[in-house]
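Novice: Submitted below is the structure of interest, expressed as structure tokens.
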Ligand code: B1M
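In my numbering, the protein residues as written are 1292 to 1519.
So, in structure tokens, the structure goes:
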């Protein structure tokens, strides 16, 4: 039995537990992540702090080591599954803030791209802020975006891309909205690790959102501006 097996999460103090959860996320230990999330909730931690301080920070290390060739796809998948398990516990808590409905968002990860953790986090936080969110999932092509816009008449279209090769598809969607004459009926927000503000401007989005908190802030501000 290794030293790792002897760690009892509930006996760690908050700082040690958060650090251990980052390690457990790195190792793709789903059950330990679920246990850690539940312990922090019992200790009165806000769901958003658990998300950002343990899960998102842990995933950053995974990303760095993936980039540097230390981790490979199978390990990253395990880490992603562990992260999703933690997010599944937090989702209802983030959504139950009782905020009045302030608008509707259609959001998806663009065609060719299967990364969905960040997009789902944004969707969860938007729900918690009072938006109705229609989450189209991954690998979303322009027709699927258009059909959802037609059906749900959202205030906001959100698009996510994590690959430099797929982020350009956002422009395809925006150009199609223009061709259909519906671009101005929507607030278009974009996000994802390889994007920046300059890219958002260049493709004609209304705003680039660096993270989920900024996405919520931007969504609220723009919907209110439009109403007023
Ligand atoms: Co992939 N992957 N991956 N991957 N992966 C990256 C993106 C990469 C940067 C890793 C690296 O090399 N360091 C790299 C891209 C390089 C590039 O394009 N420049 C990469 C690669 C290369 C690949 C593959 C091609 C690998 C391969 O097969 N050889 C492949 C591509 C598959 C495809 O999509 N077609 C691939 C596959 C995978 C997994 C399936 C193993 C897994 C995804 C699992 C899943 O999502 N269900 C995975 C993961 C987990 C990652 C990293 C490690 C982590 C991404 C993540 O979840 N981050 C990632 C490394 C990195 O990003 N540094 C990497 C945590 C999340 C909370 O952050 O997604 O940035 P993020 O979301 C943030 C903000 O960006 C923003 O808010 C979120 C929350 O704060 N945001 C939005 C995101 N979307 C938004 C939308 C909005 C607003 C804000 O709308 C309004």
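Every residue, glycine too, gets a C-beta built ideally from N, C-alpha and C.
1. Return the chain-ordered list of same chain residues with a C-beta closer than 8 Å to the C-beta of residue 1330, the five sequence neighbours on each side being excluded.
2. Going by other Cβ atoms of all chains shown within 10 Å of its Cβ, with 16 needed for buried, is residue 1407 buried or exposed?
3. Leaving out the 5 sequence neighbours to the left and right, which residues in its chain are closer than 6 Å to residue 1432 when beta-carbon positions are compared?
4. Where does residue 1338 land, buried or exposed, given buried means 16+ other C-beta within 10 angstroms?
5. Are the segment 1494-1508 and the segment 1372-1380 touching, with three or more C-beta to C-beta distances below 8 Å?
6. Using a threshold of 7 Å, is the CB atom of residue 1345 nearer than that to any non-hydrogen atom of the ligand B1M?
7. When DSSP labels each residue in this structure, what does residue 1414 get in the three-state scheme?
8. Is residue 1423 helix, strand or coil when you go by DSSP?
9. Should residue 1373 and residue 1305 be called a contact, given that it needs their Cβ atoms to be closer than 8 Å?
10. Any idea which residues DSSP pairs residue 1448 with across the strands?
11. For residue 1488, I'd like the list of residues in its chain whose CB is within less than 6 Å of its CB, leaving aside the five on either flank, ordered along the chain.
12. Which first and last residues belong to the alpha helix (DSSP H) in which residue 1503 is found?
Specialist: On the basis of the data shown:
1. 1300, 1301, 1308
2. buried
3. 1402
4. buried
5. no
6. no
7. helix
8. strand
9. no
10. 1397, 1479
11. 1499
12. 1503-1518
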